[in-house]
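Below is one structure; the comments refer to it alone.
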Amino acid sequence: MYEDNRLHIWSDEGVGHVKEAAQHAHLADLIDRADPAFTQIVQAVGRFTEAGVELTEEMVTAAIKLGRAEQRRWVMADGSAFKAERIPAEGKHEAVVYYVRRGALIKIGTTTELRRRMREILPEELLALEPGSIGIENQRHHQFSALRVPGQREWFHAGPVLQEHVLRMRATHGVPDQPLPTLPG
Numbered sequence: 333m334y335e336d337n338r339l340h341i342w343s344d345e346g347v348g349h350v351k352e353a354a355q356h357a358h359l360a361d362l363i364d365r366a367d368p369a370f371t372q373i374v375q376a377v378g379r380f381t382e383a384g385v386e387l388t389e390e391m392v393t394a395a396i397k398l399g400r401a402e403q404r405r406w407v408m409a410d411g412s413a414f415k416a417e418r419i420p421a422e423g424k425h426e427a428v429v430y431y432v433r434r435g436a437l438i439k440i441g442t443t444t445e446l447r448r449r450m451r452e453i454l455p456e457e458l459l460a461l462e463p464g465s466i467g468i469e470n471q472r473h474h475q476f477s478a479l480r481v482p483g484q485r486e487w488f489h490a491g492p493v494l495q496e497h498v499l500r501m502r503a504t505h506g507v508p509d510q511p512l513p514t515l516p517g
């Protein structure tokens with residue numbers, strides 16, 4: 333998802349200051365990109381930065397601990413028993429909230445017939461699935477309302493907050509691996 337869109341966890345203040353850039357690179361190296369809690373760790377670093385906390389090794393270490401604790405809460409809260417199960421070749425299944433991409437926009441919808449729905453909307457990519465129906469879908473629409481495309485109910489700009497949420501859904505519920513109808517890549 334957005335391979336060329338590098339996630340920026342450090343502010344742009346001080347750009348051009350080699351010493352600061354080297355320090356930030358050192359601090360960024362403390363975070364393992366393969367850590368299952370990577371998204372939550374980055375969010376913790378972002379909260380520290382927004383609060384004006386100076387980033388030091390100790391603060392990045394604290395962000396790692398906070399991120400891992402948050403990730404554990406996520407896993408325990410929803411049980412993480414749901415993984416993106418194989419969707420039946422045809423027919424109905426348990427309701428899922430889907431996140432699909434077309435260009436730089438993300439559609440958040442719900443269905444009990446994912447294959448039929450993908451044939452109807454032909455996204456470029458199925459990004460993630462989340463167990464749930466209209467209630468969860470409405471929560472997500474409200475959660476990301478600031479990113480909603482004007483005049484559209486289910487289409488959103490792919491801002492960093494929404495991208496992080498999609499990554500969290502993929503980490504929690506698995507990456508949808510079933511071949512579904514999409515636009516040719």
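Each step along the sequence shown adds one to the number in the numbering used here, with nothing skipped, and position 107 is 439.
Cβ coordinates follow ideal geometry from the N, Cα and C atoms, glycine included.
Between which residues of its own chain and residue i is the CB-CB distance below 6 Å, once the five residues before and five after are set aside?
i: Gly464; result: Val429
i: Ala490; result: Ala436 and Ile438
i: Leu479; result: Phe488, His489, Gly491 and Leu494
i: Phe476; result: Phe488 and Leu494
Could you check which residue in the options has the C-alpha nearest to that of residue i?
i: Thr388; options: Gln375, Thr371, Ala366 and Ala360; result: Ala360
i: Glu469; options: Leu454, Val385, Thr444 and Glu456; result: Thr444
i: Leu459; options: His473, Gln471 and Lys439; result: Lys439
i: Gln484; options: Gly441, Gly399 and Arg448; result: Gly441
i: Leu499; options: Ile363, Pro368 and Ala357; result: Pro368
i: Gln372; options: Ala383, Glu496, Ile466 and Pro508; result: Glu496
i: His358; options: Met391, Arg400, Gly384 and Gln475; result: Met391
Kindly indicate which three-state DSSP category residue i falls into: helix, strand or coil?
i: Lys397; result: helix
i: Ala460; result: strand
i: Val392; result: helix
i: Arg434; result: strand
i: Arg485; result: coil
i: Gly384; result: coil
i: Thr371; result: helix
i: Val377; result: helix
i: Thr504; result: helix
i: Arg480; result: strand
i: Gly441; result: strand
For the ligand NAP, is there any heavy atom lying closer than 7 Å to the beta carbon of residue i?
i: Gln403; result: For the ligand NAP, the structure offers nothing, since it holds no ligand at all.
Tell me, please, which residues DSSP counts as bridged to residue i.
i: Lys424; result: Answer is none; Lys424 lacks a bridge partner.
i: Val498; result: Its beta-bridge partners do not exist; DSSP assigns none.
i: Ile453; result: None, per the DSSP bridge assignment.
i: Val429; result: Thr442 and Glu462
With a CB to CB cut of under 7 Å and the five nearest residues on each side skipped, what residues in its chain are close to residue i?
i: Ala395; result: Ile373, Ala376, Val377 and Phe380
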